[in-house]
Structures are given as structure tokens and as C-alpha cells.
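J.: Here you go, one structure.
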Amino acid sequence: MKYLQKDTKLLNRFVLSPKNILITDNMDAKLNLGQCAYSFQDKNKIVDPQFYSSEALNHRTGAFDKYNSDIWSYGILLSELFSETLPDYDNMNHMHIGYRISVLKEAPRYEIHEAQIEKIVQLCLNPISSKRPQFQQLIPILNKIKENLYEK
């Protein structure tokens, strides 16, 4: 997340999603920048709208807070990692998903059985972008969860 938020001009169109993350043999997560849309590509094409926050869907690139939008994407990513069911958007096309997020301000709903992760996801998917936590605020909580997972 530090890298994502370090250079917003370079990665202003990068959207955090499971297909953009590679896991190494050492269990390190790395970004797959090959999926990043560049300035010469179609700027209006949105492939997976569930990973976009409502402000990212409603405003052009640069007209919204990219940091808080990345937190939304991180919340969706955590949801997919820790859920045991498919999202409720699974049977909808991309236009309907985008409409539900951008106009109705509805986040995809996942069934998460880990209470701490569920709380973090709820914070990250807050429809008011200024009320989403900063990633630095999540790091101690995530480290504690990681320690608890290794103890089990």
C-alpha cells in the first residue's frame, strides 16, 4: 500500500484487485503492474467496477482522493480473501454493479466469519470516503490479526 500511495501520478489508474497481486514463494505480495491501464489506453473502460469506490466511478481520474479510493479497493480485496461465499454481485453485469456502487452507494456484500476482518472491511467500505481509515491506521490491527492466525 505504501508503494501504491507513493507516486500517484505513475499509478493514478491502477486499481487494487486480486488479479493485480502476485504471491511469491515466500508469501510476499507484489503488485502486477502489467494490468495497469496507461494513458494511451481507453480511459473510459472499467473492467471490474466492484473494486472501484463510488467517487472513482463518478469522477474522472485526478478529481477524487486516490488514497481513500485505494482503501475501498483494499476492503474489497480483504473481503474476497476471507469470505467463503461469492459476492452478491456475481450474477450481475458490470453496468449494474457500477450503478449500485456509484449511485446507490452499495458495497458488495461478502460473508466473512472473522469478526476483526469484518470490522476492518466495514471501515474500508464506508460510503463517505473521508471516514475511511488510512492504511497506516490499519497496520497495527492487521499485524495483531496475523499473529493470532499464526497461533491457531
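Numbered per UniProt numbering, the sequence shown spans residues 1 to 152.
In this text, a Cβ means the ideal position worked out from N, Cα and C, and glycines have one as well.
Between the region 100-112 and the region 23-30, can you find at least three pairs of beta-carbon atoms closer than 8 Å?
T.: Short answer: they don't touch.
J.: Could you tell me the distance, in whole angstroms, from the CA atom of N93 to the CA atom of Y99?
T.: Answer to the nearest angstrom: the Cα atoms are 10 Å apart.
J.: Between N58, S17, E147, S69, which has its C-alpha nearest N124's C-alpha?
T.: Per the sequence shown, the amino acid found at residue 124 is Cys instead of Asn. For the residues N58, S17, E147, S69, the minimum Cα distance to C124 belongs to S69.
J.: The alpha helix (DSSP H) spanning K119 covers which residue range?
T.: Note, K119: alpha helix (DSSP H), 115-124.
J.: Compare the Cα-Cα distances from S130 to each of L142, D65, M95 and report the closest residue.
T.: For the residues L142, D65, M95, the minimum Cα distance to S130 belongs to D65.
J.: Taking all protein chains shown into account, do 16 or more other C-beta atoms lie within 10 angstroms of the C-beta of A56, making it buried, or fewer, making it exposed?
T.: Under this definition A56 is a buried residue.
J.: Starting from S83, follow its DSSP beta bridges and name the residues at the other end.
T.: Answer is I112, bridged to S83.
J.: Suppose you measure from the CA of L77 to the CA of N58; what does that come to, to the nearest Å?
T.: Their backbone Cα atoms lie some 21 Å apart in a straight line.
J.: Thinking C-alpha only, which one of I128, Y150, N148, I117 is nearest L138?
T.: Checking every option, the nearest Cα to that of L138 belongs to I117.
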